[in-house]
Amino acid sequence: MTSLKANFDELRERVKHGRELDHASFEPIYYLIFSPDEILDVKRQSPAWQARLHQDGWDVHVFSIADHLWALLQEDPFWAMCVSQDKAEPLNWDRTNKALADIVTRGGGLLRRLEEELSEIETKPNALLLVTDLEALHPFLRIGAIESQLQGQFSVPTIFLYPGIRTGKTRLKFLGFYPEDGNYRSEHVGG
């Protein structure tokens, strides 16, 4: 098994050289795939990785899935009601998860935020988007669903830090327990 450092270094080289047209896509989308039990190691190393990318000449913009999900929840007009219902029945996980998923996906919430971020940085020289905290999507949705809806909008190199398992060239298992998904158009390193 290769190390996170070696995988990150390989990813940096691939981003530097860009993508060529292939069967999946030509958009500059990259996934650094790591075992779910390495989530804390990735969080610890992320600041150093950002610095390395900056040293490589990239203007790194970070998009934290967790931060954006939390903002979407807090901004929703039904958030207070969700909190009070959860307090009334704290063990009703199905209802809680469904309510939270509805808030997160209503109006393309997270999708729209990522789309806006990509649009905002597309004209900046040497911009690179680093998408972190993908584990926060569980149990609401998976990043592959968002990536596919944004097809054609990735004009800057975009790196997703993906906790999961690679099961083929383009097939991934989010968090290691979701069913395999082969709908990724990205280049994968690690896993």
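Residue numbers (our numbering): 84 to 274. Positions of the beta carbon are idealized from the N, C-alpha and C atoms, including for glycine. Please read all numbers here as calculations on a predicted model, not as lab measurements.
1) Alpha carbon to alpha carbon, what distance is there between Gly-235 and Ile-122?
2) With distances taken from CA atoms, which of Leu-213, Trp-153, Glu-205 and Ala-89 is nearest Gly-192?
3) Use the C-beta contact count for Phe-161: other C-beta atoms within 10 angstroms, 16 or more gives buried, fewer gives exposed.
4) Just list the residues that DSSP pairs Ser-147 with in beta bridges.
5) Given that a residue counts as buried once 16 or more other Cβ atoms are within 10 Å of its Cβ, and exposed if not, what is His-106?
6) Below 8 Å on the Cβ atoms is my contact criterion, and I expect His-144 with Ala-210 to pass it. Report the Cβ-Cβ distance as a whole number of Å.
7) What does the Cβ neighbour count give for Val-272, buried or exposed, with the cut at 16 atoms within 10 Å?
8) Just to confirm the assignment, what range does the alpha helix (DSSP H) spanning Glu-136 have?
9) Could you tell me which of Gln-157, Arg-196, Glu-172 and Glu-205 sits nearest to Glu-24, measuring between CA atoms?
According to the structure shown:
1) 29 Å
2) Trp-153
3) Of the other Cβ atoms in all chains shown, fewer than 16 fall within 10 Å of the Cβ of Phe-161; this residue is therefore exposed.
4) Thr-215
5) A caution first: His-106 carries a pLDDT of 47, below 50, which makes its placement in the model unreliable, though a value can still be read off. Counting Cβ neighbours within 10 Å, His-106 comes out exposed, since fewer than 16 surround it.
6) 6 Å
7) Buried, since its Cβ has 16 or more Cβ neighbours within 10 Å.
8) It should be pointed out that residue 136 corresponds to Leu in this sequence rather than to Glu. 122-138 is the extent of the alpha helix (DSSP H) around Leu-136.
9) Here the chain has residues from 84 to 274 only, and residue 24 is not among them.
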